[in-house]
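Trainee: Please see the structure below; I have some questions.
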Amino acid sequence: ARKLGIGKMHVLGVGEGGALAVAFGHHFPEHIRTSISINGFEGATWSGDTQKMLDLFYSSTEDGIEGLLKASSLRYRQKGSSTEDIRYLFEPLQKKERLRAVRARMTDFIQDIKSLYVTSMIEYIDFPVLIIRSDNDTVLPEKYIDYARNRISKVEYQSIGKAGHFAFMDQPEKMAEIVRNFLLRYP
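Numbering of the sequence shown is given in the working numbering, commencing with residue 1155 and proceeding in unit increments.
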């Protein structure tokens, strides 16, 4: 940000990216205006369920990607995914260098979760944070959102009905409205 001449910015992330968006603000407070976490903050505990979900997210098979879509989106859970959807998501993973990067990210992410990297900084967050959680998120239990929500001083919480973990796929207009309204308060 410094090299680009960017002062303060808004950072948004989904899933693990939601927690990383908040972590960015913690590490670079001079550059953060707000942070938005959509179905993030999964780093509260490690369990076998966490491993199963990560296996889906970092899958490099067509069946794994289809399982990920069904687990993460009400739309895909109800109507299934098309062959084109699977091909679109699967194609980039066929390149060996990308597959290595995906596997390396999974290894790093597991370490982040096990070390409580993100959750340890939550109480020190001192900038506006919007936490959005989908009511039908089967990936991220509500207790993890509550953990963050109850410890960040400048937090706003919104929930979205009729959406899975990938709320932006299930309720794109509602997601945009919530994010836009939050950002308008912090220009």
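Just so you know, even glycine gets a beta-carbon here, dropped at the ideal spot from N, CA and C.
Please go through the stretch 1269-1341 and give each complete alpha helix (DSSP H) segment of 4 or more residues, from N-terminal end onward.
Mentor: Qualifying alpha helix (DSSP H) stretches, in chain order: 1296-1303, 1321-1324 and 1326-1338.
Trainee: Give the secondary structure of G1167 by DSSP, where H, G and I count as helix, E and B as strand, and everything else as coil.
Mentor: Three-state DSSP puts G1167 in a strand.
Trainee: With I1190 as the anchor, note down where its beta strand (DSSP E) starts and where it stops.
Mentor: Per DSSP, I1190 belongs to the beta strand (DSSP E) from I1186 to I1192.
Trainee: Quick one: is D1344 buried, meaning 16 or more other Cβ sit within 10 Å of its Cβ, or exposed?
Mentor: Lying before the first or after the last residue shown, residue 1344 is absent from the chain, which here runs from 1155 to 1341.
Trainee: Out of G1179, G1161 and P1282, state which residue places its alpha-carbon closest to the alpha-carbon of Y1340.
Mentor: The residue with the shortest Cα to Cα distance from Y1340 is P1282.
Trainee: Given a cut-off of 8 Å, decide if K1162 and I1186 are closer than it, judged by their beta-carbon atoms.
Mentor: Yes. Within cutoff.
Trainee: In angstroms with no decimal places, state the Cα-to-Cα distance between L1166 and G1221.
Mentor: Approximately 25 Å between the Cα atoms of the pair.
Trainee: Can you list, in chain order, the residues of its chain with a C-beta nearer than 6 Å to that of T1199? Leave out the 5 residues immediately preceding and following it.
Mentor: Since pLDDT at T1199 reaches only 48, below the 50 mark, its modelled position is unreliable, and no value is offered.
Trainee: With I1219 as the anchor, note down where its alpha helix (DSSP H) starts and where it stops.
Mentor: E1216 to S1226 is the extent of the alpha helix (DSSP H) around I1219.
Trainee: Starting from the Cα of A1175, find the closest Cα among I1332, A1321 and I1276 and give me that residue.
Mentor: Per the Cα distances, I1276.
Trainee: Please list, in chain order, all residues of the same chain as R1241 whose beta carbon is under 6 Å from its beta carbon, the five residues on each side excluded.
Mentor: Cβ within range, chain order: n/a, list empty.
Trainee: Taking only the alpha-carbon atoms, compute the straight-line gap between G1194 and G1218 and give it to the nearest angstrom.
Mentor: Spanning the two alpha carbons is a distance of roughly 21 Å.
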